[in-house]
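>
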Amino acid sequence: MSEKQPTVSFTQMKDGTREDYELLDTLEKPFVAGTADRLLRELAAQAEETLSGYRITRLEHGLQAATRARHDGADRDWVVAALLHDIGDRLAPQNHDRMAAEILRPYVREEVAWVVEHHGIFQMAYYALHYGWDPEERQRFKDHPCYQSCADFCERWDQSSFDPDYPMDPLESFADDVRVVFARKAYDPNVLQAGVVKGLPDPVA
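The sequence shown runs 1 to 205 under UniProt numbering.
Written as structure tokens, this is what we have:
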């Protein structure tokens with residue numbers, strides 16, 4: 001019979017002791033360390049529970065986008081962001097872009113998190129007209145330093161990744177990259193590189 005997991009003494013946070021919070025800190029560390037594997041399981045679940053109507057699953061869309069980024073020689077931040085950019089679709093279909101950005105934000109370059117956060121608005125350029133919406137909604141960000149990065153991300157890696165015949169790399173081939181990114185110290189200034197805009201690498205023909 002397994003030992004009972006230790007628990008805190010309080011039922012209201014304001015009554016917690018130093019020992020309680022030291023216990024929680026100890027238990028949190030392995031849970032945080034498992035973030036990458038939980039994200040990989042969530043991606044795998046998108047193969048079954050997915051938005052209908054498309055010719056590929058949401059998992060395949062992420063794999064295609066990440067494969068395109070990898071093919072272009074993009075750095076790890078871009079590849080992982082391309083893989084995870086729609087990971088919010090199952091739980092936050094009306095806010096999926098911002099959900100994905102918040103998952104990534106502590107661990108990737110600031111530019112990359114901004115692009116993921118805003119890719120939903122930028123994607124409207126391709127379909128908004130069909131719903132009577134403004135396809136130029138992205139223009140309110142035209143003076144932002146990351147505008148072109150987001151426009152390029154959408155054009156090259158996102159909107160183009162709905163092709164059932166595209167030879168996408170398998171999920172397990174991205175697992176190490178995801179684990180490396182989410183093993184970083186959260187909000188490390190050397191990772192976030194605030195104010196740095198590198199843009200996407202030149203496309204590979």
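Glycine included, each C-beta is placed from N, C-alpha and C at the ideal position.
Say whether the region 24 to 38 touches the region 137 to 146, bearing in mind that this needs 3 or more beta-carbon pairs closer than 8 Å, one atom from each stretch.
Taking 8 Å as the limit for Cβ pairs, the verdict is that the region 137 to 146 does not touch the region 24 to 38.
> Any heavy atom of the ligand NAD closer than 7 Å to the beta-carbon of D152?
Only the bare structure without any ligand can be found here, which leaves the ligand NAD out of the picture.
> Which class does T11 belong to by DSSP, given the choice of helix, strand or coil?
T11 falls in the coil class under three-state DSSP.
> Unbroken alpha helix (DSSP H) runs of length 4 or more, entirely within the region 3 to 89: which are they?
Runs found: 18 to 33, 35 to 45, 58 to 71 and 76 to 84.
> For A186, collect the residues of the same chain with a Cβ closer than 6 Å to its Cβ; drop the 5 residues on either side in sequence, then sort them by chain order.
P106.
> For D89, I'd like the list of residues in its chain whose CB is within less than 8 Å of its CB, leaving aside the five on either flank, ordered along the chain.
Result list for D89: Q46, T50, L51, R58 and H96, in chain order.
> For the candidate residues S161, V115 and F174, whose alpha-carbon lies nearest to that of Y147?
Per the Cα distances, V115.
> Can you say whether G53 is buried or exposed, counting buried as having 16 or more other CB atoms within 10 angstroms of its CB?
Exposed: under 16 other Cβ atoms inside 10 Å.
> Is it right to say W78 is buried, meaning 16 or more other beta carbons lie within 10 angstroms of its own, or is it exposed?
It counts as buried.
> Could you have a look at H96 and say whether DSSP puts it in helix, strand or coil?
In this structure, H96 counts as helix in the three-state DSSP scheme.
> To the nearest angstrom, how far is the alpha carbon of L27 from that of L39?
So the alpha carbons of these two residues sit roughly 19 Å apart.
> For Q12 and C154, what's the separation of their Cα atoms in angstroms?
Near 46 Å, if we compare the C-alpha coordinates of C154 and Q12.
> Could you check which residue in T7, H61, D75 and E3 has the C-alpha nearest to that of D202?
Taking only the C-alpha atoms, the option nearest D202 is D75.
> Does the distance from the CB of L84 to the CB of G62 come in under 8 Å?
Result yes, Cβ atoms of L84 and G62 sit closer than 8 Å.
> For the alpha helix (DSSP H) that contains L192, what are its first and last residues?
That run of the alpha helix (DSSP H) goes P189 to L192.
> So is D15 buried or exposed if we call it buried at 16+ other beta carbons inside 10 Å?
It counts as exposed.
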